[in-house]
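>
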Amino acid sequence: MTTLTLTQGDITRESADALVNAANSSLLGGGGVDGAIHRRGGPAILEECRTLRASRYGRGLPTGQAVATTAGDLDARWVIHTVGPVWSATEDRSDLLASCHRESLRVADELGARTVAFPAISTGVYRWPLDDAARIAVETVRNTPTAVEEIRFVLFDDRAYEAFARRIG
Ligand code: AR6
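For what it's worth, my numbering labels the leading residue of the sequence shown as 9, then goes sequentially.
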């Protein structure tokens with residue numbers, strides 16, 4: 009039985025088995041959630057990301073996929089990095105956004121994570137409209153079989169919180 013919960017704030021302040029990072033294909037950091045995770049999590053995360061780039065993901069992590077590293081100094085065991093799609097008005101990339109959620113949960117299951125915190129993937133720098141991102145995120149995690157016991161959406165501001173709250177009901 010999986011419970012969906014919502015909280016407002018900074019994901020790097022959360023305590024969970026795994027925190028999901030809204031990364032980019034380079035896995036080498038960026039702004040938004042990604043910047044915050046690397047800042048607060050410390051250099052161990054970047055070091056493991058570099059190792060992944062030198063091995064399994066020489067060309068970067070493809071959009072819609074997910075991979076785990078240590079969580080460094082964060083209050084978590086793992087960071088699960090996933091790459092959301094950039095919003096496009098002319099091409100439907102919803103499957104890729106859904107895939108980020110499915111793949112993150114698949115990785116969480118492989119690790120044995122029981123609590124997983126997600127940010128609102130793609131809704132910042134990648135400009136995905138919040139209501140639609142909330143719909144895809146909530147529908148996907150609801151429809152993905154997983155042993156994760158708590159899926160927590162961590163929303164940065166009121167607008168994002170309310171968009172997700174409307175979907176969770
Ligand atoms: N905790 C929780 N949510 C946050 C935080 C935080 N500390 N900081 C921002 N948000 P974004 P994306 C919200 O831009 O759209 C990076 O440069 C933010 O308000 O972090 O998937 C990466 O390296 C928004 O609602 O991720 C990529 O290049 C949501 O998190 C690119 O941005 C996602 O915003 C990924 O863009």
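C-beta atoms are modelled at their ideal positions from N, C-alpha and C, and glycine is treated no differently.
Just so we're clear, the structure is a prediction, and the values are computed from it rather than from any experiment.
1. Of the residues Glu111, Trp95, Thr15, Tyr169, which one's Cα is nearest the Cα of tryptophan 179?
2. Which residues in the same chain have their Cβ closer than 7 Å to the Cβ of leucine 119, if we skip the five residues on either side of it in sequence?
3. Are the stretch 10-17 and the stretch 64-76 in contact at 8 Å, needing three or more beta carbon pairs?
4. Kindly give me the distance between the Cβ atoms of glycine 80 and isoleucine 53, rounded to whole angstroms, as I take these residues to be in contact under 8 Å.
5. Measure the C-alpha to C-alpha separation of valine 133 and leucine 35 and round it to an integer number of angstroms.
6. Drop a sphere of 10 angstroms on the beta-carbon of glycine 72, count the other beta-carbons inside from all chains shown, and report buried for 16 or more, exposed for fewer.
7. Using three-state DSSP, classify asparagine 32 as helix, strand or coil.
8. Beta-carbon within less than 7 Å of isoleucine 176's beta-carbon, same chain only, minus the 5 sequence neighbours each way: which residues are those?
9. Give me the DSSP bridge partner(s) of arginine 160.
10. Judging by CA-CA distance, which residue of His109, Ala62, Asp42, Thr98 is the nearest neighbour of alanine 74?
11. Am I right that alanine 141 and threonine 131 are in contact with their C-beta atoms under 8 Å? What's the rounded C-beta distance?
12. So is the beta-carbon of asparagine 32 under 6 Å away from any non-hydrogen atom of the ligand AR6?
13. Pick out whichever of Cys57, Ala84, Arg167 has its Cα sitting closest to the Cα of threonine 20.
14. Less than 7 Å separating the beta-carbons of alanine 128 and leucine 163?
This is what the structure gives:
1. What the structure shows of the chain is the stretch from 9 to 177, and residue 179 is not part of that stretch, so it cannot be assessed.
2. In the sequence shown, counting from the first residue as 1, residue 119 sits at position 111. Cβ neighbours of leucine 119 beyond the five flanking positions: Ala26, Ala76, Trp86.
3. Remark: fewer than three beta-carbon pairs, one from each stretch, lie closer than 8 Å, so the stretch 10-17 and the stretch 64-76 are not flagged as touching.
4. Numbered from 1 along the sequence shown, position 72 holds the residue referred to as residue 80. Numbered from 1 along the sequence shown, position 45 holds the residue referred to as residue 53. Right, the Cβ-Cβ distance comes to about 5 Å (below 8 Å), so this counts as a contact.
5. Position 125 of the sequence shown, counting from 1, holds the residue named residue 133. Position 27 of the sequence shown, counting from 1, holds the residue named residue 35. Take the alpha-carbon of valine 133 and the one of leucine 35: they are about 15 Å apart.
6. Reading the sequence shown from its first residue, position 64 is the one you call residue 72. Buried, by the Cβ-count rule.
7. As a first step, residue 32 is located in the sequence shown; it is residue number 24 there, counting from the start. It is coil, neither helix nor strand.
8. Start at 1 with the first residue of the sequence shown, and residue 176 comes out as number 168. Excluding its 5 nearest sequence neighbours in each direction, isoleucine 176 has C-beta neighbours in its own chain below 7 Å: Leu12, Leu14, Val146, listed in chain order.
9. Translated into the one-based positions of the sequence shown, residue 160 becomes position 152. Looking at the DSSP assignment, arginine 160 forms a beta bridge with Thr13, Ala125.
10. Residue mapping note: residue 74 aligns to position 66 of the sequence shown, counting from 1. The residue among His109, Ala62, Asp42, Thr98 with its C-alpha nearest the C-alpha of alanine 74 is His109.
11. The count along the sequence shown starts at 1 and reaches residue 141 at position 133. The count along the sequence shown starts at 1 and reaches residue 131 at position 123. A Cβ-Cβ separation of about 5 Å places alanine 141 in contact with threonine 131 under the 8 Å criterion.
12. In the sequence shown, counting from the first residue as 1, residue 32 sits at position 24. At least one heavy atom of the ligand AR6 sits closer than 6 Å to the Cβ of asparagine 32.
13. For the purposes of this step, residue 20 is taken as residue 12 along the sequence shown, with counting starting at 1. Nearest of Cys57, Ala84, Arg167 to threonine 20, Cα basis: Ala84.
14. Start at 1 with the first residue of the sequence shown, and residue 128 comes out as number 120. Start at 1 with the first residue of the sequence shown, and residue 163 comes out as number 155. Taking 7 Å as the cut-off, the Cβ atoms of alanine 128 and leucine 163 count as close.
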